[in-house]
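In my numbering, the protein residues as written are 12 to 381.
Where is the CB? At the ideal position from N, CA and C, for every residue including glycine.
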Amino acid sequence: MKRWHWLACFLGLLLAGCGSHQTIIREIGYKGKARLDAYLAAERFLERYGYTVESEPGWPDLDHDASMLIVPGSVLSTETYVREVATWVSNGGHLVCLVENAESYIDDWSQFHSRYRDEDEEVVPAPLKKWLTAMRLELGESTDKKQTAEELKTGEETYQVFAESFATVSAFKGPAGLFGQCAYGEGLISVMTDARPFRNRYIADHEHAALLLALAEQSPNEGRIIVVRDAALSLWNLLWRNAWPALIGLFALTLVWLWKNMPRFGPLRREEARSNLRDYDHHLEALGDFQWRLDRGSAMLRPLRELIIERAQRHSAAAQRGIDLFEWIGERSGIGRERAERAMTQERPPDAGTFTRVIADLQKIHLSLS
């Protein structure tokens with residue numbers, strides 16, 4: 012009866028919680044092509060002003076008819092790409108390098124990405140930083156504090172923007188900011204450390220679109236504009252970045268399934284009863300311990316000494332009569348008379364160390380008489 016009482020209370024509480032509900036609306040971002048291309052709005056905006064815009068998922072072909080290249084800084088992570096883009100810029104190209112928040116796979120609606128950053132993550136690739144430093148554009152970075160900009164100046168105009176980044180840029184030892192420009196050969200280099208003003212979610216805010224149009228108009232040559240959406244990102248990295256909980260669960264489920272269904276290579280081995288039999292070395296150790304406790308090993312030393320005396324007397328009699336046997340043994344074995352006499356006459360060695368030395372001397376004597 013008591014069990015039914017608790018069940019009734021639980022059902023009552025459960026039904027009481029069904030009387031009201033709350034609707035939560037959460038913005039998750041764009042769908043379709045706009046979700047894959049974070050610069051789709053910027054591309055269409057430039058096309059409305061008569062520019063030919065091409066969107067590339069990887070490194071493009073920099074032909075002479077390309078006037079401006081908008082590229083994430085993470086793409087310029089090798090010396091080869093840096094040399095190629097340097098040659099193109101020197102011939103009249105306009106490089107717009109976006110340092111942070113530049114790849115299309117970054118989710119602008121993710122609070123985790125906007126608030127946190129891996130301390131080991133490299134904000135500015137070393138080859139790009141080295142090249143820009145040679146162009147007198149100093150790139151710096153901070154791992155603990157972002158710098159915010161509300162105005163950016165390019166040419167003679169100032170544009171109202173909102174940008175924030177861990178990376179900063181300064182032109183020719185000037186003040187550090189989020190935007191910098193310098194000429195290179197016949198071309199132009201523009202570095203913007205925060206790419207979000209040009210992304211779909213933010214380009215309509217403030218004067219972000221006007222700033223993008225001004226950069227396009229500053230290009231020395233006329234021609235198409237190329238937008239590089241992403242750095243090289245493998246399929247595995249893409250899956251791990253966006254679906255790691257599902258991947259971990261799938262991996263664990265696969266292991267359990269394999270453990271349950273994989274056939275064995277034979278029947279299970281029966282547990283054998285523990286045997287009371289001992290190996291030879293165990294018997295030898297037990298026997299030695301018994302002899303040591305019985306008479307300090309004297310019973311083990313006696314047969315070896317008798318054999319040595321018998322052989323020594325036979326050899327010494329053949330060599331010379333009337334000699335000191337211990338002296339003769341010591342000279343023949345090379346251990347001296349005192350050690351030879353102690354090895355042959357000491358009855359009960361006081362400890363295991365002395366017993367070991369006596370055995371070693373007897374072994375030398377025995378080998379010298381063989």
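Two segments are said to touch when three or more pairs of C-beta atoms, one from each, lie closer than 8 Å; by this definition the region 110-124 touches the region 33-42.
With respect to I35, F209 sits apart: the two C-beta atoms are not nearer than 9 Å. The shortest CA-to-CA distance from E167 to any of R212, S78, L222 is the one to L222.
Of the residues V239, R350, T98, H105, the one whose Cα lies closest to the Cα of A49 is V239. Around the beta carbon of F190, 16 or more other beta carbons sit within 10 angstroms, so the residue counts as buried. According to DSSP, residue pairing for T356 in a beta bridge does not occur. Two segments are said to touch when three or more pairs of C-beta atoms, one from each, lie closer than 8 Å; by this definition the region 100-111 touches the region 198-208. In the DSSP assignment, R235 falls outside any alpha helix (DSSP H) and within the unbroken beta strand (DSSP E) covering 235-239. Taking C-beta separations shorter than 6 Å and ignoring five residues to either side along the sequence, the partners of G104 in its chain run G198, following chain order. By the criterion of a C-beta distance shorter than 7 Å, Y213 is surrounded in its chain by R207, H219, once the five residues flanking it on both sides are discounted.
Beta-bridge partners of Q158 (DSSP): S176.
Q374 carries a helical assignment under DSSP once its states are collapsed to helix, strand and coil. Rounded to the nearest whole angstrom, the CA to CA distance from E317 to R325 is 12 Å. Exclusion of the five residues before and after W99 leaves L73 as the residues of its chain whose Cβ lies within less than 7 Å of its Cβ.
Inclusion of L226 and V107 in the CB contact set at 9 Å is warranted, their separation being smaller than that value.
Within the same chain, E175 come within 6 Å of T159 by CB-CB distance, once the 5 residues on both sides are set aside.
In this structure, D241 places its C-beta atom within 9 Å of the C-beta atom of S115. For the region 47-132, the continuous beta strand (DSSP E) assignments of 3+ residues that do not extend past its boundaries occur at 64-67, 77-83, 105-111, in sequence order.
When beta bridges are read from the DSSP output, I200 appears opposite L106, C193. When the five nearest sequence neighbours on each side are left out, the beta carbons in the same chain lying within less than 8 Å of the beta carbon of H217 are those of Y170, Q171, V172, F173, P208, in order along the chain. For E149, the enclosing beta strand (DSSP E) begins and ends at 148-152. When secondary structure is reduced to three states using DSSP, G188 falls in the strand class. In the structure shown, T34 falls within a coil segment according to DSSP collapsed to helix, strand and coil.
Going by C-alpha positions, E358 is about 9 Å away from A310.
Annotation: the continuous alpha helix (DSSP H) that includes D292 extends over 291-306.
Its chain contains R316 as the residues whose beta carbon lies nearer than 6 Å to that of M355, once the 5 sequence neighbours on both sides are disregarded; these appear in chain order.
Secondary structure of A182 (DSSP, three-state): strand.
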